[in-house]
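Student: Handing you a structure now.
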Amino acid sequence: MAERAWIAKYFAPAAVSPGAAGLLDDVAELATGSDARIVTTDALIEAVHFLRSDPPETVARKLVRVNVSDILAKGARPSEALLTLAWPQGRDEAELARFAEALTDELEHWNIQLLGGDTTSSPGGLFLSLTLTGVCGARGPVRRAGAREGDDLWVTGEIGAACLGFRALQAGRPTDPFVKAYREPRLPFAAVAELVTDHATAAMDVSDGLLGDARMLAAASGRGVTIDLDAVPFAGRPA
């Protein structure tokens, strides 16, 4: 059973709050009105989302950025965070110090306040999760639903750069230029939140691939979608 299917079957029935949006969006709404607030959470697991050989600094930055991306895509500014960390037993404390320093720097860059969380030890690999809140404008979060017939579909950045970087590392090419995109995904400026709020009828973070995510956005809006692949800014495509 696919991830979306078992979420719908086993967990959506418990998500009765209107702010949960039936677990069909990347964020939940905590408060509405002029002080609308949203919350998201993403986890990173060693050997699944990052490699043991990845520097702890890049793992920290990736953890923050994958969550910030969800918040910005909803037209909101990141605000507060809770961190869950399961640190591998016996792993060098110097690596933990490097992770913590980079995490602090990244949170400060996005003006995020760390409020707390939970730390424990892991008998296996490193496990991390960040829960992040965001502050919306008066419009509230820009949901996946809302796209209208005739809307244009826009993306930011290059599509597929992180995948190319991951494959380069697997192939033993650590100096490949796309490795940085895999280890430290590049995000637009925080001001993109205002652009989303002012112009987008529907929006979402692209994390499961362009085609799959475009299909989910269209389905949430009750629409179809046509993509001109020649117009997509694919990473590595010759100019």
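Take 11 as the starting number for the sequence shown in the working numbering and just add one per residue. Where is the CB? At the ideal position from N, CA and C, for every residue including glycine.
1) From what residue to what residue does the alpha helix (DSSP H) around glutamine 180 run?
2) What is the residue span of the beta strand (DSSP E) that glutamate 67 lies within?
3) What are the boundary residues of the beta strand (DSSP E) that valine 216 is part of?
4) Taking just the CA atoms, how far does aspartate 80 sit from aspartate 215?
5) Can you tell me where the alpha helix (DSSP H) with valine 189 in it begins and where it stops?
6) Suppose you measure from the CA of serine 231 to the CA of alanine 25; what does that come to, to the nearest Å?
7) From leucine 106 to proline 66, what does the alpha carbon distance come to, in whole angstroms?
8) Nearest CA to the CA of alanine 172: which residue from Val189, Arg158, Arg183?
9) For the stretch 74-146, which segments carrying the alpha helix (DSSP H) assignment without a break, of at least 4 residues, lie completely within its bounds, in sequence order?
10) From aspartate 186 to threonine 42, what distance separates their C-alpha atoms?
11) Do threonine 68 and the ligand HEM come close, with the Cβ less than 8 Å from some heavy atom?
12) Hey, could you find the ends of the beta strand (DSSP E) leucine 40 is sitting in?
13) Which residues bound the beta strand (DSSP E) around alanine 53?
14) Cβ atoms of alanine 181 and lysine 84: under 9 Å apart, would you say?
15) Given a cut-off of 9 Å, decide if alanine 46 and valine 145 are closer than it, judged by their beta-carbon atoms.
16) Rounded to whole angstroms, what's the CA-CA distance from aspartate 162 to leucine 34? Just pull it up for me.
17) Measure the C-alpha to C-alpha separation of tyrosine 20 and isoleucine 55 and round it to an integer number of angstroms.
18) On a CA-only basis, which of Asn77, Val165, Ala96, Arg71 is nearest proline 133? Give me that one, please.
19) Among Gly175, Leu197, Gly170, whose alpha-carbon lies nearest the alpha-carbon of histidine 119?
20) Which residue from Pro98, Ser27, Pro184 puts its Cα closest to that of phenylalanine 137?
21) Quick check: the Cα distance between glutamate 111 and glutamate 194, rounded to an integer number of angstroms?
22) So which of Thr236, Thr50, Glu90 has the shortest CA-CA distance to glutamate 159?
23) Flag this pair as yes or no: are the beta carbons of glycine 147 and threonine 50 separated by less than 9 Å?
Tutor: Reading it off the structure:
1) As a working mapping, residue 180 is identified with position 170 in the sequence shown. Where glutamine 180 is concerned, the enclosing alpha helix (DSSP H) stretches over 171-180.
2) Against the sequence shown, residue 67 aligns to sequence position 57. Premise fails: glutamate 67 lies in the alpha helix (DSSP H), 66-83, not in any beta strand (DSSP E).
3) Position 206 of the sequence shown, counting from 1, holds the residue named residue 216. Neither: valine 216 is in no beta strand (DSSP E) and is coded neither H nor E.
4) Looking up residue 215 in the sequence shown gives position 205. Looking up residue 80 in the sequence shown gives position 70. Roughly 5 Å between the two C-alpha positions.
5) The count along the sequence shown starts at 1 and reaches residue 189 at position 179. Where valine 189 is concerned, the enclosing alpha helix (DSSP H) stretches over 189-193.
6) Taking the sequence shown and counting its residues from 1, one reaches residue 231 at position 221. Taking the sequence shown and counting its residues from 1, one reaches residue 25 at position 15. Taking the straight line joining both Cα atoms gives about 20 Å.
7) Within the sequence shown, numbered from 1, the residue matching residue 106 stands at position 96. Within the sequence shown, numbered from 1, the residue matching residue 66 stands at position 56. Roughly 7 Å separates the two Cα atoms.
8) To locate residue 172, count along the sequence shown from 1; it is residue 162. Closest in C-alpha terms to alanine 172, from the list Val189, Arg158, Arg183, comes Val189.
9) For the stretch 74-146, whole alpha helix (DSSP H) runs of length 4 or above, ordered along the chain, are 103-119.
10) Here the question's residue 186 lines up with position 176 in the sequence shown. Here the question's residue 42 lines up with position 32 in the sequence shown. Rounded to whole angstroms, aspartate 186 to threonine 42 spans 45 Å at the Cα level.
11) Although the ligand HEM was asked about, the structure shown includes no ligands whatsoever.
12) As a working note, residue 40 is residue 30 in the sequence shown. Where leucine 40 is concerned, the enclosing beta strand (DSSP E) stretches over 38-41.
13) Working through the sequence shown from its first residue, we reach residue 53 at position 43. Counting along the chain, the beta strand (DSSP E) containing alanine 53 begins and ends at 47-55.
14) Here the question's residue 84 lines up with position 74 in the sequence shown. Here the question's residue 181 lines up with position 171 in the sequence shown. Against a cut-off of 9 Å, the Cβ pair of alanine 181 and lysine 84 comes out as no contact.
15) As a working note, residue 145 is residue 135 in the sequence shown. As a working note, residue 46 is residue 36 in the sequence shown. Yes.
16) In the sequence shown, residue 162 corresponds to position 152, counting from 1. In the sequence shown, residue 34 corresponds to position 24, counting from 1. Roughly 22 Å between the two C-alpha positions.
17) Looking up residue 20 in the sequence shown gives position 10. Looking up residue 55 in the sequence shown gives position 45. Roughly 22 Å separates the two Cα atoms.
18) Residue numbering aside, residue 133 sits at position 123 when the sequence shown is read from its first letter. Residue Ala96 is the option with its Cα nearest to proline 133.
19) In the sequence shown, the residue the question calls residue 119 occupies position 109. The shortest Cα separation from histidine 119 among Gly175, Leu197, Gly170 belongs to Leu197.
20) By 1-based counting over the sequence shown, the position of residue 137 is 127. Considering only alpha carbons, the answer is Pro98.
21) Translated into positions along the sequence shown, residue 111 becomes position 101. Translated into positions along the sequence shown, residue 194 becomes position 184. Their Cα atoms are separated by approximately 15 Å.
22) In the sequence shown, residue 159 corresponds to position 149, counting from 1. The shortest C-alpha separation from glutamate 159 is found at Thr236.
23) Position 137 of the sequence shown, counted from the first residue, corresponds to residue 147. Position 40 of the sequence shown, counted from the first residue, corresponds to residue 50. Cβ atoms of glycine 147 and threonine 50: not closer than 9 Å.
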